[in-house]
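One structure is given below, encoded as structure tokens.
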Amino acid sequence: MATGLGVVTGLIVAAVQNFVIFAQRATLGFAAERRIALPDQASFLRIAVALTGGAILVTILSRAASRLRTRQPIDPVEANALSGGSMGWYDAVAVVLPILASVAFGASVGIEAAVTQLGAVLASRLGKRLGRPRSDLRVLVGAGSAAAIAAAYRAPIAGMLYAFELVLGTYSKRTLAPIGLAAIAAVITIWLLTGQAKPFDLILGTAVSWSDYPIAVLMGGICAFMGIGVMLLVTAVERLLKRLFRHETLRRLAAALVLTLLSIRFPAVLGSGHAAIDHAVNGDIVGPQALGLLGAKALASPASLGGGFRGGLFSASLLMGALLGQVIAWIGALVPGGPPLNPALCAVIGMAAMGASVIGCPLAMIFLVLETTGDFDAAIVVAIGAVTASFLTDRLFGYSFATWRFQQRGLAIEGGHDVSRLATSPITNLVRPPKRSLAANADLQDVLRAVSTAGARGTAVYTLDGDFAGLVDPSLVEVAAGERTPLPIVAADLVYETSPAVTPKTTLAELIDIFQNDDRPTIAVIDPADHLNLIGCVRARDAFAMASAILDAQRREDLGIGQ
Numbered sequence: 139m140a141t142g143l144g145v146v147t148g149l150i151v152a153a154v155q156n157f158v159i160f161a162q163r164a165t166l167g168f169a170a171e172r173r174i175a176l177p178d179q180a181s182f183l184r185i186a187v188a189l190t191g192g193a194i195l196v197t198i199l200s201r202a203a204s205r206l207r208t209r210q211p212i213d214p215v216e217a218n219a220l221s222g223g224s225m226g227w228y229d230a231v232a233v234v235l236p237i238l239a240s241v242a243f244g245a246s247v248g249i250e251a252a253v254t255q256l257g258a259v260l261a262s263r264l265g266k267r268l269g270r271p272r273s274d275l276r277v278l279v280g281a282g283s284a285a286a287i288a289a290a291y292r293a294p295i296a297g298m299l300y301a302f303e304l305v306l307g308t309y310s311k312r313t314l315a316p317i318g319l320a321a322i323a324a325v326i327t328i329w330l331l332t333g334q335a336k337p338f339d340l341i342l343g344t345a346v347s348w349s350d351y352p353i354a355v356l357m358g359g360i361c362a363f364m365g366i367g368v369m370l371l372v373t374a375v376e377r378l379l380k381r382l383f384r385h386e387t388l389r390r391l392a393a394a395l396v397l398t399l400l401s402i403r404f405p406a407v408l409g410s411g412h413a414a415i416d417h418a419v420n421g422d423i424v425g426p427q428a429l430g431l432l433g434a435k436a437l438a439s440p441a442s443l444g445g446g447f448r449g450g451l452f453s454a455s456l457l458m459g460a461l462l463g464q465v466i467a468w469i470g471a472l473v474p475g476g477p478p479l480n481p482a483l484c485a486v487i488g489m490a491a492m493g494a495s496v497i498g499c500p501l502a503m504i505f506l507v508l509e510t511t512g513d514f515d516a517a518i519v520v521a522i523g524a525v526t527a528s529f530l531t532d533r534l535f536g537y538s539f540a541t542w543r544f545q546q547r548g549l550a551i552e553g554g555h556d557v558s559r560l561a562t563s564p565i566t567n568l569v570r571p572p573k574r575s576l577a578a579n580a581d582l583q584d585v586l587r588a589v590s591t592a593g594a595r596g597t598a599v600y601t602l603d604g605d606f607a608g609l610v611d612p613s614l615v616e617v618a619a620g621e622r623t624p625l626p627i628v629a630a631d632l633v634y635e636t637s638p639a640v641t642p643k644t645t646l647a648e649l650i651d652i653f654q655n656d657d658r659p660t661i662a663v664i665d666p667a668d669h670l671n672l673i674g675c676v677r678a679r680d681a682f683a684m685a686s687a688i689l690d691a692q693r694r695e696d697l698g699i700g701q
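Every position in the sequence shown, counted from 1, becomes a number in my numbering once 138 is added.
Here is the structure:
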């Protein structure tokens with residue numbers, strides 16, 4: 139199944155790449171994915187018309203998708219984290235078509251999000267058709283995503299690691315075979331179709347020297363700060379345009395205007411940036427030109443995404459990293475007495491470091507650079523740069539671009555870890571009737587006897603009309619019993635003042651959150667239609683035991699134990 143999935147995903151990636159190239163030639167007059175157009179070779183009127191048309195088309199497609207379903211489409215990471223790997227064709231259509239329209243008309247975004255979405259949806263639908271359990275669905279979604287990234291960059295190991303680090307959020311021997319087979323099959327398929335061994339023709343030239351190691355640390359730090367800046371800039375542009383323009387079409391047209399102005403001097407900002415990576419690493423874009431294009435790309439991609447074009451920062455982060463490496467090598471050469479810097483090596487370190495910061499997959503970025511360059515002698519310095527960038531981004535910001543966007547939507551997702559089981563587990567099996575019941579006018583001695591026998595199973599208090607008044611608070615009973623002189627109090631005076639709104643529809647995740655913020659041992663479960671009707675009680679220790687059992691079973695599935 140995984141091998142077949144990889145083959146089909148490889149075919150999809152090849153089709154998407156060829157479509158984008160054909161569409162860019164038709165709209166922009168040149169294929170931005172294949173070559174860089176010089177300023178005197180590009181028709182800026184044509185670029186402006188293309189971007190304007192793209193803005194309108196993306197709006198039409200987005201509105202059409204929103205009319206199909208009221209919910210937002212989910213991506214592979216969100217599906218694995220919240221839906222057990224369940225995705226539908228709507229998720230493919232609503233995500234992929236606007237991305238293809240954006241890239242085809244010149245927006246400064248990548249197509250990786252489109253191909254990973256297609257691979258993941260195909261895998262999820264296949265798994266559901268075959269009746270696979272949710273644990274297998276999650277693995278298949280990871281396999282589809284891995285195959286897409288592997289085929290897009292002809293880098294099977296990078297695709298596998300992308301799935302483990304981001305889409306699944308964990309590695310296990312059980313998941314290695316399907317994800318590995320899918321990635322390898324996808325790469326072989328696209329090799330047979332295109333005959334292209336690597337997407338980039340990168341040549342490092344010289345060997346690594348001792349001075350490259352501290353430079354790798356420095357570059358990792360700079361890439362971390364720049365990556366954080368780019369992610370924040372996307373949100374800042376989005377908020378600014380929403381304040382300035384009420385309609386989303388106007389926001390996209392404003393972004394199109396920014397892209398047109400930037401492309402007058404730097405046409406290479408258009409599209410994903412694949413073509414420019416070759417030139418950046420191999421020394422065709424250096425010095426002030428690299429600095430200018432770096433600044434333009436760092437504005438163009440946030441303007442595109444913040445303005446409402448669809449896509450991702452995968453390839454954009456690689457290009458910005460390569461350009462940053464060339465800029466650092468250029469500045470280093472101007473420093474008197476400074477160590478000699480290899481511009482190509484600095485560029486590939488920057489690619490891995492910037493990708494690790496923005497995408498959040500340091501191992502995948504390291505191997506993507508190594509597989510696309512074919513030079514494993516640079517492995518250590520590339521790893522140093524990527525690890526440094528990943529560490530600083532995590533400590534200073536705490537998000538990758540994907541998880542940052544989740545945070546903006548109010549989703550507490552840190553990756554593809556399955557956090558949905560507690561959120562979908564009902565508490566009905568935990569509900570028990572209270573051990574003891576009392577009338578509201580029962581005296582203190584009756585309350586003491588009831589609490590001593592009920593313990594943590596709860597003592598319910600009812601009014602004379604039979605309505606539920608609350609559960610007895612054992613701490614109040616202890617205080618009242620400790621007084622030297624008997625207090626004139628009754629059971630109604632000893633119930634909890636407030637009670638959390640727990641009903642049979644409350645999920646286990648919500649219940650755990652309530653118990654973590656409340657020290658009471660037992661909580662009442664009430665009828666949502668009648669808050670004066672007690673259904674039963676649920677104990678904290680039962681809730682935590684059930685949550686622990688569910689998480690333990692999930693962990694065993696992730697590790698492939700007992701399967």
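Quick reminder that beta carbons are idealized off the backbone N, C-alpha and C, glycines included.
Values in this document were obtained by computation on a predicted structure and should not be read as measured data.
- Per DSSP, the unbroken beta strand (DSSP E) holding Y600 starts and ends at 597 to 600.
- In the three-state reduction of the DSSP assignment, N655 falls in the coil class.
- In the displayed model, A550 falls within coil according to three-state DSSP, outside both helix and strand.
- Taken through DSSP and simplified to helix, strand or coil, A516 comes out as helix.
- Selection F535, I487, S575 evaluated against S590 yields S575 as nearest (Cα-Cα).
- In this structure, the CA atom of G444 is about 21 Å from the CA atom of C361.
- Within the region 270 to 312, complete alpha helix (DSSP H) segments of at least 4 residues are found at 272 to 291, 294 to 300, given in chain order.
- Secondary structure of G476 (DSSP, three-state): coil.
- Under the DSSP definition of a beta bridge, R570 partners with C675.
- For L576, the beta-bridge partners assigned by DSSP are V599.
- G608: not part of any alpha helix (DSSP H); member of the beta strand (DSSP E) spanning 606 to 609, first to last residue.
- Looking at the DSSP output, V196 shares a beta bridge with no other residue.
- For the 7 Å CB-CB criterion, A527 and G411 do not form a contact.
- The beta-carbon distance between G433 and P481, rounded to whole angstroms, is 18 Å. This is too long to meet the 8 Å contact definition.
- With respect to S283, A251 sits apart: the two C-beta atoms are not nearer than 7 Å.
- Around the C-beta of F514, fewer than 16 other C-beta atoms lie within 10 Å, and the residue is accordingly described as exposed.
- Going by beta carbons, G523 and A491 fall inside the 7 Å limit.
- In this structure S240 is buried. Its beta-carbon is surrounded by 16 or more other beta-carbon atoms within 10 angstroms.
- Straight-line spacing of the CA atoms in T531 and M369 works out to 11 Å.
- Using a Cβ distance threshold of 7 Å, V496 and A354 do not count as a contacting pair.
- The region 139 to 146 makes no contact with the region 155 to 163, as fewer than three CB pairs between them are under 8 Å.
- Restricting attention to R384, I565, L437, G450, the CA atom closest to the CA of G248 is found in G450.
- In this structure, P211 sits near A232, with a CB-CB distance shorter than 7 Å.
- Assigned with DSSP and collapsed to three states, H669 falls in strand.
- If you draw a straight line from the Cα of P477 to the Cα of G488, it comes to about 18 Å.
- Residue range 227 to 242 is occupied by the alpha helix (DSSP H) that includes S240.
- Sorting L371, I237, R209 by C-alpha distance to the C-alpha of L195 places I237 at the top.
- The criterion of a C-beta distance shorter than 7 Å is satisfied by G596 and T660.
- Cβ contact annotation for S221 (same chain, cutoff 8 Å, sequence separation greater than five): I212, S558, in chain order.
- In the three-state reduction of the DSSP assignment, G498 falls in the coil class.
- Rounded to the nearest angstrom, the gap between the Cα atoms of I688 and R677 is 17 Å.
- DSSP places I415 inside the alpha helix (DSSP H), whose first and last residues are 412 to 419.
- For K435, the enclosing alpha helix (DSSP H) covers residues 425 to 445.
- Its chain contains M369 as the residues whose beta carbon lies nearer than 6 Å to that of W542, once the 5 sequence neighbours on both sides are disregarded; these appear in chain order.
- Remark: C-beta atoms of F160 and G192 do not approach each other more closely than 7 Å.
- Excluding sequence positions up to five before and after R448, its CB lies within less than 6 Å of the CB of P236, I237, S240, all in the same chain and listed in chain order.
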